[in-house]
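>
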Amino acid sequence: MTDFSALAVGDELPTIEKYFTRKQLVAYAHASGDMNPIHQDEAVAKSVGLPDVIAHGMLTMGAAIQVVTDWVKDPTAVIDYSVRMTRPVVVPNTAEGVLVTFGGKIAAINEDGTIRVDLSAVFAEQTVLGQARALVRLPQ
Amino acid sequence: MNHDMIGHAYPASQPYLVTPENIAAFADAIGDSNPIYRDADYAKSLGHASVCAPPTFPIVATMSAMEKSFHDPALNMDYSRIVHSDQRFEYVRPIRVGDKLVVTTVIEEIKALGSNDIALFRTEVTSDDQPVVTGWSKLVVRGDDS
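Going down the list, the sequences are from chains A and B.
Straight run, no breaks: the first sequence in the working numbering ends on number 140.
Straight run, no breaks: the second sequence in the working numbering ends on number 1146.
So this is what it looks like as structure tokens:
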């Protein structure tokens, strides 16, 4: 088990690397019900001024919280989670896809026993999520 | 957009039944192999009644509920110009297999920013009339000159 007793503000959680592929975007579209063609069809994406197909912002949000849920083990410890989707993750039609790196840092240890974790998501050396914050109630 | 619609609540959505298959497909799609999303025995070992859903799973029910309001002529929202800019979930309890999610969508705020409209939708999710999670989705509707 993770030892939560020695936590300090500023501590960093282990980073996670994920590769987003076109195949995964199709899987996410079906699993989430978001069938917007800008996430699947290159021609449609380019017709609205995007460089190529982009990942669903909600896929990036869903992937980022794994930094917290892997750390606490029980994902239901997350009691509040918010993000701003600031930049798109552009996904070319290649087998390997594109790398997105997710990180987390302890931002606050609250008197009620909850922990605030600030998350980051980086694609092509730029952050794609802003103000990404999770409030966690640690397992007793 | 019609700013007079601020505060308007749409009728509750049809129930969305949460199945093991739907949770597993969502967890696969976000690339998360945590067994709590697939293995009922493991979920029970952590004190849960059954397999639980990932934190962003509520979007499956809330987005389709919101989409109904996007097409409401009274709201006058150009669906082709929407960008989802912010999302928040405040959880009351985890979503589990067997839940029947019902979503009530409320237009919490509409603000003009330049030629854009920024709309904040609140989605209140219940199962068997008990609160499960509240979502907030901020959508930017781009104006003609942006």
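From the three backbone atoms N, C-alpha and C, an ideal C-beta is built for every residue, glycine too.
Everything numeric in this text was worked out from a predicted model, so none of it was measured.
Following the continuous alpha helix (DSSP H) through LEU59/A, name the residue where it begins and the one where it ends.
Segment 57-64, the alpha helix (DSSP H) holding LEU59/A.
> Using 7 Å as the limit for Cβ to Cβ distance, is ASP74/A near chain B?
yes
> Please state the DSSP three-state secondary structure of VAL1162/B.
With chain B covering only 1001 through 1146, there is no way to say anything about residue 1162/B.
> Find the residues of chain B that neighbour ALA63/A, judging by a C-beta separation of less than 7 Å, and give them in chain order.
ILE1030 and GLY1031
> Could you tell me how far apart the beta carbons of LEU1139/B and HIS1084/B are, in whole angstroms, since I believe they sit closer than 8 Å?
6 Å
> Between which two residues does the beta strand (DSSP E) carrying ARG1088/B extend?
1082-1091
> Would you say GLY97/A faces chain B, with C-beta separation under 7 Å as the test?
no
> Determine whether the beta carbon atoms of ALA1049/B and ARG1093/B lie at a separation below 7 Å.
no
> Are the C-beta atoms of SER5/A and some chain B residue less than 7 Å apart?
no
> Just checking: is the beta-carbon of VAL53/A within a distance shorter than 7 Å of some beta-carbon in chain B?
no
> Could you work out which residue in LEU25/A, PRO75/A, ALA132/A and VAL67/A is closest to ASP52/A when comparing CA atoms only?
LEU25/A
> Report yes or no: do the region 131-138 of chain A and the region 104-121 of chain A share at least 3 C-beta pairs separated by less than 8 Å?
yes
> Quickly, what does DSSP pair ARG116/A with across the bridge? List them, please.
ALA108/A and LEU135/A
> Just mark SER1033/B as buried or exposed, buried being the case when its beta carbon has 16 or more other beta carbons within 10 Å.
exposed
> Pick from ALA1012/B, MET1001/B, ILE1036/B and GLN1130/B: whose alpha carbon is nearest that of ALA1066/B?
Sequence inspection shows Met at residue 1066/B; the Ala mentioned does not correspond to that position. Comparing Cα positions, the closest option is ALA1012/B.
> Go ahead and pull the three-state DSSP assignment for ASN1076/B.
coil
> Chain B beta carbons: is any one of them nearer than 7 Å to that of SER82/A?
Judged by the 7 Å Cβ criterion, SER82/A is in contact with chain B.
> Less than 7 Å between the C-beta atoms of ILE79/A and TYR1037/B, yes or no?
With contacts defined by Cβ atoms closer than 7 Å, ILE79/A and TYR1037/B do not form a contacting pair.
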